[in-house]
C-alpha cells in the first residue's frame, strides 16, 4: 500500500469527486482503495438522505442559558430595578394608612430618613400593610380572592319541610335495620359453614382427584422463559439475527 | 394356562424385534440416509458429489448475480424481502458479496442505500452462513436425506440436477436445490417448511465461470473477530475464562469454527469478550456463544427463548453464573438441548 496515493484517494472521495487520472489508475490496482471507492459514496448518500429530526424546543433556551449563565439573572434584576415605580392614588394611601395605625402585625414605620429620601426622589413609599397584603395575595391568589368575596354572600336558610323530611327518614331507617341485621347474621353463619365444608372437602379430595400431568416439556437443568420480542435479546444476539435476516428482525424493515 | 408360555414367547419376540429400529438409533459410518429414486444403480457417486458441493463455493472461480427472496414471519407478522446481489469468488478463498438493490418492499433511495451499505457489512455472514450448503459431508450424511428428483433444470443458462434435501431427525425442513452438473455449485435453493410453505429462494440469474475480477472489491473483514485457540490454556488467555462446548455423545452437530468476538456490554460496562462457536449438522449452522461470568446472576438458571425470526430461533440465558446464547435455523428444543449439554 502506497500511503500517499491512498490518502489522496481518500481525500478525493471525501470531496466527492475522483477525477484525477493517476488516482483512478491507482484505484484500479489497489484492492483497499477500490473497496473504499465503492462503499464511501454509498454511505455518504445514505447519510445525506436520512430524514431530518427536529431539534427539541428546549435546545434554544438551554443554549442561551449555557452561554449566558449567571449574567442573565443579573440582567433580569437590573431590568426590574430600572422599572419606574408608580405612585399609588392618594385615596388608597390614606385609607391604608388609617387602617394600619391600629394593626398589631404592622411592623415599625419606615425610618423617616428613608421616607424623606424617597419623597425627595419623587416617589411615595407604599404603606407596610400593603406589602403584607400583596405578599399574602401572591402566596395564594385563589384563597385571597375567595376570602375577599365570600363574606359578602347572602346566606339562605333551609325550608322547614326539608328538616322534617330528614328527621322522618332517619327514624324509618333505624326501624328497618333491626330485622335486616338479624337476617344478615343468620346468612353469614350459614355461609361460613358451607365454605368450611368446601375447604375441608377440597383438602381431603385433592390428592385423589389430581392426576400427574403428562409432561409436555422436556426436563432440563434450567427454567425456560418466553420473551415477547427479540428486543429482549442481548446486543450481540440481535446483531447476529440482523445479519441472518438481512435486517428483517429490526423494526426499520416493515 | 397352556397358552401362557407361547403367548409370553410371542410377546417377548415382538418386543425385542421392535427395539433398536427407532429414529434414535446410533449412527453408523455408511451413508444410510442417501436415497436414489427410480434407479437400480446410482448414476451419481453421492459422496463425491457432496464433497464437491462442500468445496465449490470457494474453489470454483465465478462471478454472477443472484436474486434473494425471503418470506418470513417476524413478531407474528408476515414479511417479505427481495433484493439482488453480485457475488464473486476467485477460487483461492477471496470472495465478494455486494447487494445491488431491493425489489420488495418499495424503498426510497435513501433507505435502499442504507440497506446496501448494511449488507456490505454483513457480506462475511452471507457468504458463510446465510444460504444452504453442504458444510460437513459426514454430518450431512448422518442427518439428511438427498433425493434426485430426476429433473434437469436450467438456471442462469447452466444445466443443473435437481435434488430434494430433507432432515431425517429433529426439526423438519427441506430444500429444493439445483446443482450445476459441471461445477457442483448450488445455483438455486428453495427453502420450505415440512408442510411446503415457502420460506425463501436464492437463485443465480447470471453466472460467468471465466470472469475478469478487475472491478471486484474483495471482502474486507469489518468485525474484530479472531480465531479462538484450540489449546485450553491459550483459549483461557484470549477470553479470560474457559470456553464451554456441548459435550456428550452428540453425533448431530460438529464444530465448524471457533472465534473470539468483542461486543458492547448491555449494562454499559467495558466491551464483553465472547467465545463464538459455529456448529453444523451438515447443512444448518448453530451459533453457540459463551460470554463468561454473568455480572448479575440470578438465583436460578434461566434461559429466555425469543420469538422466531423466520426460520431462526434464539435462546440465551445465565447458566451456572455464566452467559450463553444459542441461535440457529433449528428448533428451539435443539437449541435448549445444546445449552443443557454445555453444563
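Protein chains in written order, with my numbering: chain A, 40 to 293; chain B, 60 to 402.
Beta carbons are placed, not taken as given, at the ideal position from N, Cα and C, and that holds for glycine.
Reducing DSSP to helix, strand and coil, say where residue i ends up.
i: residue 57(A); result: coil
i: residue 97(B); result: Bear in mind that the predicted position of residue 97(B) carries a pLDDT of just 35, short of 50, making it unreliable; the figure below should be weighed with that in mind. Reduced to three states, the DSSP call for residue 97(B) is coil.
i: residue 214(A); result: helix
i: residue 257(A); result: coil
i: residue 239(B); result: strand
i: residue 141(B); result: strand
i: residue 63(B); result: Because the pLDDT at residue 63(B) is just 46, under 50, the model does not fix this residue reliably, and the point stays unresolved.
i: residue 202(B); result: helix
i: residue 319(B); result: strand
i: residue 301(B); result: coil
i: residue 82(B); result: Caution is warranted here: a pLDDT of 33 is assigned to residue 82(B), below 50, making its placement in the model unreliable, and no coordinate value can be reported.
i: residue 380(B); result: coil
i: residue 286(B); result: strand
i: residue 352(B); result: strand
i: residue 63(A); result: helix
For a contact meaning CB atoms closer than 7 Å, what does residue i contact in chain B?
i: residue 286(A); result: 174, 177
i: residue 85(A); result: 169, 172, 173, 176
i: residue 65(A); result: What residue 65(A) touches in chain B: nothing, since even the nearest Cβ is about 14 Å away.
i: residue 73(A); result: 276
i: residue 57(A); result: Ordered by position in chain B, no residue passes the 7 Å Cβ test against residue 57(A), which lies about 14 Å from the chain.
Provide the residue(s) that pair with residue i in DSSP beta bridges, ordered along the chain.
i: residue 240(A); result: In the DSSP output, where bridge partners are listed per residue, residue 240(A) has none listed.
i: residue 207(B); result: 222(B)
i: residue 344(B); result: 339(B)
i: residue 275(B); result: In DSSP, residue 275(B) forms no bridge with anything.
i: residue 371(B); result: 368(B)
i: residue 154(B); result: 148(B)
i: residue 184(B); result: The partner list for residue 184(B) (beta bridge, DSSP) is empty, contrary to what the question assumes.
i: residue 251(B); result: 233(B), 257(B)
i: residue 266(B); result: 123(B)
i: residue 227(B); result: None, per the DSSP bridge assignment.
i: residue 270(A); result: Note: residue 270(A) sits in no beta bridge, so no partner.
At 8 Å on the CB atoms, spell out the chain B contacts of residue i, in chain order.
i: residue 244(A); result: Residues of chain B passing the Cβ test: none, with the nearest at roughly 33 Å.
i: residue 224(A); result: Going along chain B, no residue has its Cβ under 8 Å from residue 224(A), so there is no contact; the nearest lies around 49 Å.
i: residue 81(A); result: 172, 175, 176, 179
Looking at residue i: is its Cβ nearer than 8 Å to the Cβ of residue j?
i: residue 267(B); j: residue 123(B); result: yes
i: residue 106(B); j: residue 238(B); result: no
i: residue 86(A); j: residue 62(A); result: no
i: residue 155(B); j: residue 121(B); result: no
i: residue 139(B); j: residue 163(B); result: yes
i: residue 388(B); j: residue 370(B); result: yes
i: residue 364(B); j: residue 338(B); result: no
i: residue 82(A); j: residue 254(B); result: no
i: residue 282(B); j: residue 190(B); result: no
i: residue 145(B); j: residue 161(B); result: no
i: residue 347(B); j: residue 397(B); result: yes
i: residue 229(B); j: residue 400(B); result: no
i: residue 113(B); j: residue 193(B); result: yes
i: residue 282(A); j: residue 181(B); result: yes
i: residue 262(B); j: residue 126(B); result: yes
Using C-beta distances below 6 Å, list every residue in its chain close to residue i, excluding the 5 sequence neighbours before and after it, in chain order.
i: residue 360(B); result: 378
i: residue 285(B); result: 319
Can you pull the chain A neighbours of residue i, defined as C-beta to C-beta under 9 Å?
i: residue 358(B); result: Result: empty, since nearest Cβ-Cβ is about 11 Å, beyond 9 Å.
i: residue 456(B); result: For residue 456(B) there is no data in the structure shown, the boundaries of chain B being 60 and 402.
i: residue 189(B); result: 282, 283, 285
i: residue 199(B); result: Per Cβ cutoff of 9 Å: no residues; residue 199(B) is ~20 Å from chain A at best.
Can you find the residues in the same chain that come closer than 8 Å, C-beta to C-beta, to residue i, ignoring five residues on each side of it along the sequence?
i: residue 381(B); result: 300, 303, 349, 350, 351, 352, 353
i: residue 152(B); result: 117
i: residue 198(A); result: none
i: residue 67(A); result: 73
i: residue 102(A); result: none
i: residue 99(A); result: none
i: residue 280(A); result: 269, 272, 288
Interface residues of chain A around residue i at Cβ under 8 Å?
i: residue 392(B); result: 257
i: residue 134(B); result: 268, 269
Below 7 Å on C-beta distance, what does residue i contact in chain A?
i: residue 165(B); result: None at all; the shortest Cβ gap to chain A is about 12 Å.
i: residue 40(B); result: Here chain B covers residues 60 to 402 and nothing more, so residue 40(B) does not appear.
i: residue 361(B); result: 261, 262, 264
Given residue i, which residues of its chain have a CB within under 7 Å of its CB, disregarding the five upstream and five downstream residues?
i: residue 217(B); result: 239, 246, 266
i: residue 288(B); result: 294, 297
i: residue 115(B); result: 242, 243, 244
i: residue 74(B); result: Because residue 74(B) sits at a pLDDT of 36, beneath the cut-off of 50, its placement in the model cannot be relied upon, and the point is left open.
i: residue 157(B); result: 144, 145, 179
Below 9 Å on C-beta distance, what does residue i contact in chain B?
i: residue 280(A); result: 365, 368, 371, 373, 386
i: residue 89(A); result: 169, 173
i: residue 49(A); result: Under the 9 Å cutoff, chain B gives no residues; its nearest Cβ is about 15 Å from residue 49(A).
Does the beta carbon of residue i fall short of 7 Å from some heavy atom of the ligand PLP?
i: residue 107(B); result: Here there are no bound small molecules, and the ligand PLP is not part of this structure.
Practice task
Give, in chain order, every residue of the segment 259-270 of chain A whose Cβ lies closer than 8 Å to some Cβ of chain E.
Solution key: Chain labels in this structure do not include chain E; the protein chains are A and B.
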